[in-house]
Every structure is written in structure tokens, then in C-alpha cells.
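This report refers to the structure that appears directly beneath it.
There are 2 protein chains.
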Amino acid sequence: MTDAATLARMIRAGRGLEPADLVIRDVRRLDIITGEITHTDIAIVADRIVGIHGRYEGKAEIDGAGRFAVPGFIDTHLHIESSLVTPHEFDRCVLPHGVTTVICDPHEIANVLGATGIRYFLDSAERTIMDIRINLSSCVPATPFETAGARLEIDDLLPFADHPKVIGLAEMMNFPGVLNADPAILAKLEAFQHRHLDGHAPLLRGADLNGYLAAGIRTDHEATSAGEAREKLAKGMAILIREGSVSKDLDALAEILDENTSAFVALCTDDRNPLDIAEEGHLDNSIRRLIALGRPVHHVYRAASHSAARIFGLSDRGHVAPGWRADIALLDDLEACRVSGVISGGRPVTDDIWHTRAPVAPVGLQSMKANPVSPSAFITAPNPGHNEVPVIGVKPGLILTYRESAALASDDMGLKPDTEADVIKVAVVERHGINGNIGRAFVKGFGLKRGAIASSVGHDSHNITVIGVTDEDMALAVNRLIEIGGGFAVACEGEILADLALPIAGLMSTEPFEIVTGHLRQLREAAKALGCTLPEPFLQVSFLALPVIPHLKMTDRGLFDVDAFDFVR
Amino acid sequence: MTDAATLARMIRAGRGLEPADLVIRDVRRLDIITGEITHTDIAIVADRIVGIHGRYEGKAEIDGAGRFAVPGFIDTHLHIESSLVTPHEFDRCVLPHGVTTVICDPHEIANVLGATGIRYFLDSAERTIMDIRINLSSCVPATPFETAGARLEIDDLLPFADHPKVIGLAEMMNFPGVLNADPAILAKLEAFQHRHLDGHAPLLRGADLNGYLAAGIRTDHEATSAGEAREKLAKGMAILIREGSVSKDLDALAEILDENTSAFVALCTDDRNPLDIAEEGHLDNSIRRLIALGRPVHHVYRAASHSAARIFGLSDRGHVAPGWRADIALLDDLEACRVSGVISGGRPVTDDIWHTRAPVAPVGLQSMKANPVSPSAFITAPNPGHNEVPVIGVKPGLILTYRESAALASDDMGLKPDTEADVIKVAVVERHGINGNIGRAFVKGFGLKRGAIASSVGHDSHNITVIGVTDEDMALAVNRLIEIGGGFAVACEGEILADLALPIAGLMSTEPFEIVTGHLRQLREAAKALGCTLPEPFLQVSFLALPVIPHLKMTDRGLFDVDAFDFVR
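Top to bottom, those sequences are chains F and X. With my numbering, the residue at position 434 of the first sequence is 467, and numbering never jumps. With my numbering, the residue at position 484 of the second sequence is 517, and numbering never jumps.
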């Protein structure tokens with residue numbers, strides 16, 4: 034809250050009657066409304082811009098050196114858990130890319146820890162430098178077809194509804210539940226009618242899309258084609274162009290962003306791993322690619338900031354102008370979106386700033402509640418009377434899977450993988466200490482010739498997902514995860530080639546992001562050594578168990594046909 | 034609040050699985066995002082659109098007959114009192130023009146009755162068919178240089194802050210108070226930092242504009258030139274293009290509305306009398322004129338609806354699309370904005386609808402607390418040692434006045450008007466029963482050759498303002514107003530030629546708007562018969578006492594120099 038004394042200082046400093054707290058001297062301000070570029074100083078008092086379009090004096094000053102000044106970027110939908118680091122580390126990793134606000138859904142940790150996970154994110158959000166806002170996870174568990182670590186009904190969410198960091202209800206991914214007017218879903222939609230209702234409606238079109246929107250849902254980050262996005266726009270839905278580590282929709286959707294639409298389009302990453310952030314960037318990467326694809330520069334920057342703020346009701350930000358929150362990215366190059374300086378809530382983002390944050394104690398350190406498994410746990414009996422078995426088909430960079438099939442040989446150890454045909458085993462091991470379920474099936478497309486890869490990140494219930502050529506290596510990888518509190522592991526011929534511990538709920542590391550990045554590089558190399566041909570093997574493993582995304586998925590309860598919305602019998 | 038059962042109906046009807054409550058068959062929907070026009074039905078359940086871009090069945094149906102469907106218009110800043118009728122009559126008068134939401138500031142009635150006036154508007158707003166939203170009057174009295182009927186400090190406003198019809202704080206017209214960080218103003222700004230802060234900053238530019246905006250003020254309806262509006266836009270301020278009965282800024286500002294700016298521009302009327310509404314229209318008039326001036330059609334309609342909603346945080350409206358409030362205007366002609374049907378919150382606006390509204394008892398029926406005056410009350414003594422007296426210069430259609438002067442003859446009845454030079458008397462008679470003040474001076478520009486015109490509408494303190502050629506007619510006109518509970522009167526040579534009673538706080542009639550319109554026509558004729566050359570004599574009289582608008586104004590305490598912010602000595 035800005036008190037009267039601070040307001041008085043803001044007014045006086047804006048008028049130039051007293052020095053501002055901070056002045057960025059000599060920038061080229063991009064007007065996100067008109068595209069005009071103006072040389073100016075920017076004066077800041079407390080967390081607010083108080084003066085532009087003129088010369089100012091400050092108690093502290095930064096040399097803008099003619100750099101471009103644009104409003105800080107807003108990631109409108111993401112799961113911080115997918116960065117594999119804590120919110121504090123995410124802050125340190127991503128804020129320097131100019132991302133001053135993120136709207137996250139703690140869906141992953143909530144599926145493991147329930148309300149404890151949401152509380153952890155809210156506590157973190159109160160301490161980070163960037164402004165982390167929360168949409169409350171709407172679908173925990175995502176479906177009744179898997180075993181999650183928690184269940185959040187409307188009465189579990191309501192205690193968080195009035196937290197100052199909470200915006201509304203997060204991605205309503207159970208769109209069949211909406212369409213069928215499921216009472217538990219309706220109860221959540223009803224309670225949040227006057228708040229933001231975030232959507233998630235892949236491929237939903239026509240009258241069913243109307244029905245989904247009739248519930249008051251306003252945003253979508255799941256459009257994967259321009260045609261789908263245009264229909265959603267034409268029906269009043271704001272489109273969040275997603276460019277994550279697996280789901281990459283920017284190339285397909287870029288064409289929808291223009292002068293007409295820029296108030297109705299924003300950007301998001303959804304799931305982005307720290308390697309990609311290190312190598313390509315974050316929203317800065319999306320911005321430079323949209324510009325490279327010919328989208329009008331100031332409309333791209335508008336979508337990345339002001340439009341995002343408006344769509345989500347954040348009325349205090351999205352302009353480099355007096356009276357607006359001092360979230361600013363300074364760029365060496367406008368078209369390449371080369372960020373060289375960031376101001377977050379009036380504070381220059383320097384190496385010193387991270388120490389000023391109060392720490393938050395990690396949670397969920399005992400979340401791997403599965404018992405160690407033996408290789409025989411992965412024996413898959415043939416289905417008498419069926420020559421072929423259904424196989425999950427995986428394609429690089431798609432979390433959508435395909436339904437394929439294969440004729441597999443079997444012996445007294447059950448059905449055997451066929452590495453020639455690129456068909457190997459997949460299993461999901463329940464790890465929340467609830468029922469010890471193990472679901473088993475086959476998957477195609479990883480390229481693995483030997484060994485196994487296991488992950489305790491397994492959207493959305495985050496059981497252990499493991500793929501492999503031998504039962505022994507599958508058991509070894511799974512048991513390693515149980516031992517280290519969750520994470521990723523690559524096993525081959527009785528040895529662990531690489532791993533990464535993610536002891537916070539089996540989802541996030543307690544280490545700095547640079548360390549995590551190093552582990553990920555080793556893990557990628559190890560997967561490649563097994564013959565893996567996918568550029569993102571761990572993300573693709575982790576999405577094999579997501580039964581809200583078509584077409585064929587694996588849960589701890591068995592192989593699931595998303596289109597039929599039922600298990601494969 | 035939309036309950037779960039209604040949500041279920043909305044979803045099912047949107048999917049086409051059950052009939053909607055209402056279907057408008059066969060319209061041409063204008064997409065305010067892209068400009069595309071699509072033939073479709075519109076399905077509505079309760080107050081919400083649930084289906085477009087398809088065929089629907091409804092329990093009730095309206096033949097759209099190929100008319101254009103656009104989102105209902107939003108008047109972003111107005112004083113309903115200036116329509117001279119009650120909110121209920123305003124509703125009946127203006128809603129058929131397609132204006133489904135108005136954001137009003139009950140500033141006029143608040144200056145007479147204080148909190149009672151605000152409560153009257155809130156009670157009315159809960160009963161009208163159109164959605165009346167309230168910004169709480171920030172400046173009552175507008176200045177310390179006049180005698181108002183009430184004073185509203187922050188503690189008087191706070192009890193209304195959480196009323197569901199309240200948006201934020203209304204036009205902060207005391208911009209010198211903001212710039213000087215006046216503690217009472219800061220207290221109001223502080224309390225509403227997280228709400229909408231509406232601006233009013235005529236001619237404010239440069240660093241002073243920065244200082245004003247630094248307080249968090251977001252909108253302005255007082256820009257009168259494109260240059261001023263462009264500077265305000267470039268500093269993050271949304272521009273509300275005003276076209277009232279006196280203040281007409283549309284021609285000057287039209288050029289600022291384009292593809293780049295339409296998300297940051299909205300429309301308003303501020304003060305519009307029922308004659309103009311009858312003869313020209315309301316926001317429909319603004320829309321057709323902007324289009325005629327070459328502004329892009331769908332961006333004009335966007336500014337009039339969706340942009341207005343976004344700027345003021347009304348996130349439920351501004352699209353003809355599923356999930357959005359069913360506020361729709363049906364147009365016979367898109368470019369001429371010829372409205373032939375209106376849906377307001379899902380209800381077709383028909384002649385029958387007005388009877389469904391619960392009435393609201395009038396307030397302020399005893400607000401004319403001045404004692405009758407004698408002609409001698411208007412004797413104006415010469416100022417010894419000055420040959421010339423300062424004179425308020427009036428120009429048609431401007432509430433800005435100019436400082437002029439005249440050499441006037443005097444006798445034992447004081448200074449004498451000079452009708453040859455078009456210089457006549459003006460006086461303001463305090464009427465709130467507080468001190469009986471009478472301020473006296475001279476005015477030029479009305480063209481009056483005889484008689485007098487009096488008004489109890491006198492912005493913003495609403496004392497009685499009277500102009501006239503003879504003291505006798507001035508007294509007669511003033512006393513008539515005291516007798517009829519306030520209003521307008523034209524007197525000539527001992528006779529009342531025309532009048533209109535405005536017994537609600539001396540500002541609003543209890544009659545239907547058609548009756549009020551008839552009186553206004555008679556009053557205009559009567560003023561013309563006195564020689565008056567101004568097209569809007571009553572509005573111009575009523576703005577003579579507004580000391581927040583430059584340059585020279587008249588209050589009950591004397592002649593006021595707005596630029597010097599002090600009385601003329």
C-alpha cells in the first residue's frame with residue numbers, strides 16, 4: 034500500500050520539485066501504444082514510475098546509455114515446478130530475462146502435497162523480487178484415472194482465495210468435466226465467477242467451445258494452430274501464445290498477433306526447463322522470435338506486457354509511464370530483445386539483490402513414499418487372444434501422443450520390447466504411499482536401445498514414470514529415485530549413468546539453477562548414450578502420464594485412452 | 034452471482050443440448066477485434082451470452098433480421114444529473130440508444146445533499162435496467178472558494194467503497210490540490226490506490242502532468258486538443274473522448290483513435306441534456322460521428338465497449354461472445370449506428386420493461402433554502418479608483434471563460450449593464466441555507482437585451498446563478514426558483530415566460546423525460562425572445578459558477594480568477 038507520505042513524494046518528484054529515488058538516465062522509451070521511440074529519463078519513487086519524457090534528478094542514478102526501455106514482461110501461464118528449481122531460484126534465473134511478473138499455477142506441487150504445496154508457493158511469492166502471482170490449481174487430481182498425492186476440492190481452495198497474490202482459478206483442464214457440468218467442477222467455477230477463470234481447452238471448437246466459454250472461462254494457452262486460435266479469439270477468448278520446452282506453439286500462432294489482436298493476445302511458457310532458459314532465454318526468446326517472424330514490434334512488446342496485465346486484471350502494470358509499477362526491461366537491441374538491465378518494482382536487479390530475500394523452508398522432502406521395486410515388477414503379461422498390443426506413439430516436441438500398436442514376442446518373462454521397432458516398456462509406479470499401483474505398457478519413439486530412464490516428474494500426478502529396455506535397469510532407475518527423494522535417473526546395465534535429485538516434492542531441486550543445469554546436461558548426454566533420439570527425453574517421459582492430453586497415456590492404473598476417456602481393456 | 038444450476042444451464046445451452054432462454058436469430062455480428070462480420074444466432078441464458086457462430090433454439094426468440102450486433106456501449110464518465118431527470122428516467126431515455134452501462138459521478142447531487150445524494154444514486158443503480166456504476170465524488174466541494182451544501186471527506190466516502198456498484202474515485206478535478214499534495218486529497222488518493230482513480234486535468238501538460246499521474250490517476254476526459262490527448266496517451270493515461278451538450282471535444286480528438294490506440298480510448302458524454310439526447314442521440318451520436326470522420330469502424334465500436342470496460346476494470350462485458358454479459362445493441366446500419374434494438378443483461382429492452390423496476394423515493398425536495406430576494410440584492414457598487422470592471426467572457430459551447438473588462442456607467446443604483454456592449458449582470462445566490470451570500474459581477478456573450486435567466490443548476494455547488502438586464506427580473510427569476518424547488522426560469526418585465534421545476538435537490542425533475550424536453554424547448558424559445566444568442570443558454574449559465582475551469586468564474590463569495598486561484602479583489 035502506498036501511503037500518503039509516499040504519494041506526496043511521488044507527486045513532487047514527478048513534478049521535478051525533488052529528486053526521485055532512482056533515475057534511469059537517457060533511455061529510448063518504446064511507446065507500446067504507438068510504436069514511437071522517445072529519448073527520456075525515467076524517474077522512480079518507491080515501486081512506481083513518476084516521470085518520463087523529460088530530465089530528472091535522482092538520489093540514485095543508472096546510466097541508460099541510450100538503451101531501449103520497455104515494460105517488464107509477464108508470463109501469463111506457467112508451472113514454476115517445470116524449471117526444476119525453487120521459486121527463489123526461478124526468480125534469480127528468469128527475472129534477468131526481463132520477466133518481472135509471472136502468473137503461475139502450482140498444479141504440480143499441489144498434486145503431490147495439496148494445500149501445503151500451494152502455501153509454499155504463496156510464501157515464496159511474498160519474498161521473491163519478481164512478482165509471482167498465483168492462479169489456484171483447479172484440477173487436483175487432474176482426472177479420476179490416476180492416483181495423485183492430494184485432492185483439492187472447492188473448500189480446500191477457498192482459504193487461499195483472498196490472498197493478495199492470488200488472481201483466480203488456474204487452467205480448467207478438465208474440460209470434459211465442464212462440458213458435462215460435473216458438480217465438483219461447477220462448485221469451483223461458481224465460487225470464482227467474479228475472478229479470473231483460466232482455460233485449457235486443446236482442440237476444443239464449435240458448440241462445445243461455446244459451452245466451455247459459457248462458464249466464464251476467458252483465456253487459453255492450448256491452441257496449437259492459427260485456425261483454432263482465431264476461432265477462440267472470435268469467441269472472446271484471449272490467446273496466450275505458448276513457447277515451452279516441449280509444447281512450442283509460437284511458430285504456428287505467430288500470424289494471429291497483429292494491430293487488431295494485440296490487446297487480446299499474451300505470451301506464456303507453461304513448462305520450460307532451465308537448460309532452455311539458459312540456452313535460448315525465456316519470454317525474451319518468444320519476443321525476438323515473434324519479431325523475427327514479422328510481427329509488428331510494438332504490438333509484440335504490448336502483448337508481452339500491457340495486454341497480459343489487462344487480461345489478468347493487473348491494473349497497476351504494463352506501461353513505462355508515471356503512476357505505473359516500475360517494472361522495466363532495458364534492451365541493447367529492440368528487435369533481438371537483448372535484455373541488459375531490469376528494474377523490478379523500482380529495484381534494479383543486480384547480483385546483490387538475491388541476498389535480500391528471506392528464505393522459505395523447503396517442503397515435501399519425504400514425498401517419495403513408494404517401496405523399492407524388483408525387476409519382476411515390470412513383467413507385462415500378454416493379453417490372450419490379441420496378437421498386437423497398443424503402443425503409445427511419441428513425437429519430438431509434442432505432448433500429444435498417438436495410438437499405435439505392435440506385435441511383440443513373449444517368453445516366461447512376459448512381452449518383450451522390440452528395439453528394432455523402437456518399442457520399449459513404459460511403467461508408472463505410484464509413489465504417494467497410497468496403493469502401490471504399477472501400470473505397464475509399451476511406448477514407441479524414444480529410440481532407446483538399452484537401459485532405462487526414470488522420472489518422478491510425471492504430469493500431473495507425479496508418480497514415477499519409467500521407460501526402458503530391461504526390467505533390471507527400470508528397477509534400478511526407479512529405486513534410485515526413491516533413494517534420492519525423487520528426480521531424474523538414467524540407468525544402463527546395472528549402473529546409474531546420471532541423475533538429478535529433486536527432493537522438494539520429487540519435483541524441485543534445493544540447488545542453484547546452475548547446478549541443476551549441469552545435471553541436466555549430463556542426463557541428456559546419458560540418455561543419448563542409450564540411443565535416445567528425442568531432444569527432450571525427460572520432459573517427454575514426464576508427459577507420458579498426462580491423461581488430459583490426447584490420445585494414449587499411461588497412468589499408475591493402466592493404459593488410458595484419452596479420446597474414449599477410459600482405460601484400454 | 035451465477036449459481037451452479039444456472040452455470041449448468043449456460044454450459045448445456047451453449048453446447049446446443051437444451052434451448053437457451055433467449056435467442057436472437059440471424060444477426061450480423063461485428064467482431065470488434067478483427068472487424069470481421071459473421072452471420073449467426075446469439076444464444077443467451079440469464080444475463081449471459083452462451084453461444085454465437087451457429088444456430089440455436091430458444092424458449093424466446095427475437096428476429097435479428099440481419100441486423101448488426103455489437104457490444105452495448107459504455108459511457109465512461111457522466112453526471113446523470115445533467116440529464117435533468119432521475120436515474121430511472123435516464124435509464125428509459127438513454128438505454129434505447131444502446132448505452133447499456135454508464136459510469137457516473139453523482140457529483141452534482143453530492144454537492145447539494147452529500148452522502149444522501151450518493152445513497153440515492155446507489156439505490157437507483159440497484160433498480161435500473163441499464164447497469165449504472167458509480168465513481169465516488171472526490172471533490173465536494175470542488176473548491177474552498179464557494180459555498181456548497183455538503184462536504185465529503187474520506188471518512189464520508191469509505192462507507193460506500195465496497196458497494197457492488199462502486200468502481201473507484203471519480204474525476205479528481207482538484208488538480209492543484211493533487212499537485213500541492215493537499216492532505217485531504219492525499220487521504221482520498223491513498224484510500225483508493227487499488228481502485229480506479231479517475232482524472233480531470235484540463236490543459237495539464239509536462240512535468241505537472243507527470244506529478245498528477247504519479248498519484249495513480251489513470252483516465253482523462255478533459256483533453257480538448259489532439260496534442261494534449263497524445264501527450265496524455267504517451268504517459269499511459271486512457272483518453273475518454275467527450276461529446277456533451279456544452280463540452281464537445283469529439284471533432285478535435287477524433288484523429289487520436291486508430292488501430293494502435295483503440296485499447297486506450299473510450300467515449301463519454303460528461304454532461305448531456307435531454308434535448309440533445311432526443312435530437313442527436315447519446316453515445317450512438319459519438320460513434321456515428323467518429324465513423325463519419327474516417328475512424329476505423331470496428332475500432333470505434335471497440336472503444337465504445339470493450340476498451341471502456343477494460344479501462345475501468347469491468348471484466349464481464351464488452352464482447353458479443355459466450356461467457357460475456359448479454360449487453361448488445363442491434364443496429365439497422367453499422368456506419369450510421371442506427372440502434373433499433375437493445376439487450377441489457379439478457380433482457381430485451383421493450384416498452385414493458387420500465388414498469389418492472391422498483392421505484393426509488395425522491396430526495397432533497399426541500400433543498401432550496403435561500404430566502405426570497407429583493408431587486409436591491411443585485412445592486413453592484415462601483416469600485417472607487419477603477420474605471421473598468423472585470424467581465425466574464427463567454428463563448429458558445431465552451432465552459433472555459435475568458436477574462437475581459439468593460440467601462441460601465443453607474444448611478445445611485447450602482448453599476449449599470451451595457452446591453453449595447455453585451456455586458457449584463459451575473460449573480461450567484463447561496464441556496465443551501467448556510468450564509469445567504471450573494472456574489473455579483475458582469476458577464477459578456479449571452480446577447481440578452483432584456484429580462485433575466487436563473488438556474489439552480491450551477492456547477493459545482495449548485496447555488497442559484499442568475500444573469501439579467503434588470504434587477505427586478507433577476508429577483509423575479511430567482512424567487513420563482515425558490516418557490517418551485519429549483520430549476521430554470523426566464524423572466525421578462527415582471528413576468529415568468531417559462532420555467533422548469535427540478536425539485537430533486539434543485540437538479541432533477543420528477544417528471545418523465547419527454548415532459549422535461551418540452552419545458553426545455555419553451556425555455557430556449559423564451560431565452561431567444563430576450564435576445565439570447567447562445568444555443569445552450571442554461572448550460573452556459575450553469576457553468577458560470579465552476580471555479581475549477583479557467584479562467585474567470587462567479588461564486589457566491591465573489592468573482593474568482595481560476596488562473597490565480599484567488600478572488601478578484
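For each residue, glycine too, the CB sits at the ideal point set by N, CA and C. Predicted model, so just to flag it, every value in this text is computed and none were measured.
Inter-residue spacing [alpha-carbon to alpha-carbon] between residue i and residue j
i	j	result
X/Lys281	X/Gly430	7 Å
X/Tyr153	X/Arg160	11 Å
X/Arg305	X/Asn318	12 Å
F/Ala337	F/Thr109	9 Å
X/Ile218	X/Gly210	6 Å
X/Ala311	X/Ser115	14 Å
X/Ala524	X/Asp506	6 Å
F/Glu368	F/Asp385	29 Å
X/Gln555	X/Asp532	8 Å
X/Ile187	X/Phe345	21 Å
F/Ser373	F/Ala362	8 Å
X/Leu563	X/Gly447	23 Å
X/Ser489	X/Leu283	28 Å
F/Ile136	F/Lys221	19 Å
X/Arg251	F/Gly520	48 Å
X/Ile77	X/Val103	15 Å
F/Ile486	F/Met270	39 Å
X/Gly277	X/Ala559	23 Å
F/His495	F/Ala394	21 Å
X/Arg350	X/Asp124	18 Å
F/Leu579	F/Leu433	9 Å
Other residues of its chain near residue i: CB distance less than 7 Å, five sequence neighbours each side excluded
i	result
X/Met206	Cys172, Ala175, His233 and Val581
F/Ser407	Ala508
Chain-ordered neighbours of residue i on chain X, where CB pairs are closer than 8 Å
i	result
F/Leu266	Ile66 and Thr67
F/Val103	Under the 8 Å cutoff, chain X gives no residues; its nearest Cβ is about 13 Å from F/Val103.
F/Ala220	Ala37
For residue i, the first and last residue of its enclosing alpha helix (DSSP H)
i	result
F/Tyr245	Gly239 to Ala247
F/Asp124	Pro120 to Val127
F/Tyr334	Val330 to Arg335
Contact list for residue i against chain F, beta-carbon separation under 7 Å
i	result
X/Gln555	In chain order: nothing, as chain F lies at least about 47 Å away.
X/Trp357	Gly269
Close-in-space but distant-in-sequence residues of the same chain around residue i (CB under 6 Å, 5 per side omitted)
i	result
X/Phe546	Val118, Glu122, Cys126 and Pro307
F/Gly378	Asp80
Identity of the residue in the options nearest residue i by Cα
i	options	result
X/His196	X/Thr413, X/Ile167 and X/Ala559	X/Ile167
X/Arg590	X/Ala248, X/Glu179 and X/Gly47	X/Glu179
F/Leu364	F/Thr257, F/Leu577, F/Asp594 and F/Arg61	F/Arg61
F/Ala285	F/Leu273, F/Thr133, F/Trp387 and F/Ala259	F/Ala259
X/Thr389	X/Glu558, X/Arg380, X/Val396 and X/Val279	X/Arg380
F/Phe479	F/His465, F/Ile457 and F/His492	F/Ile457
X/Lys402	X/Gly518, X/Ile70, X/Gly351 and X/Met43	X/Gly518
F/Asn340	F/Ala296, F/Pro568 and F/Leu585	Asn is not the amino acid found at residue 340 of chain F; the sequence shown has Ser there. Nearest option by C-alpha distance: F/Ala296.
F/Ala38	X/Val132, X/Ala194, X/Ala247 and X/Gly105	X/Ala247
F/Ile324	F/Asp366, F/Gly249 and F/Ala454	F/Asp366
Proximal chain F residues relative to residue i, where beta-carbon distance stays under 8 Å
i	result
X/Thr35	Glu223, Gln226 and Gly249
Bounding residues of the beta strand (DSSP E) (the contiguous stretch that carries residue i)
i	result
F/Ile471	Ile471 to Lys477
F/Ala203	Val199 to Met205
F/Phe521	Gly520 to Cys525
F/Ile425	Glu421 to Val427
X/His140	Taken as a continuous stretch (DSSP letters only), X/His140 belongs to no beta strand (DSSP E), being part of the alpha helix (DSSP H) at His140 to Leu146.
Chain-ordered chain X contacts of residue i [CB-CB under 7 Å]
i	result
F/Met43	Ala247 and Ala248
Residue i: contacting residues in chain X (beta-carbon distance under 9 Å)
i	result
F/Thr294	Ile66 and Thr67
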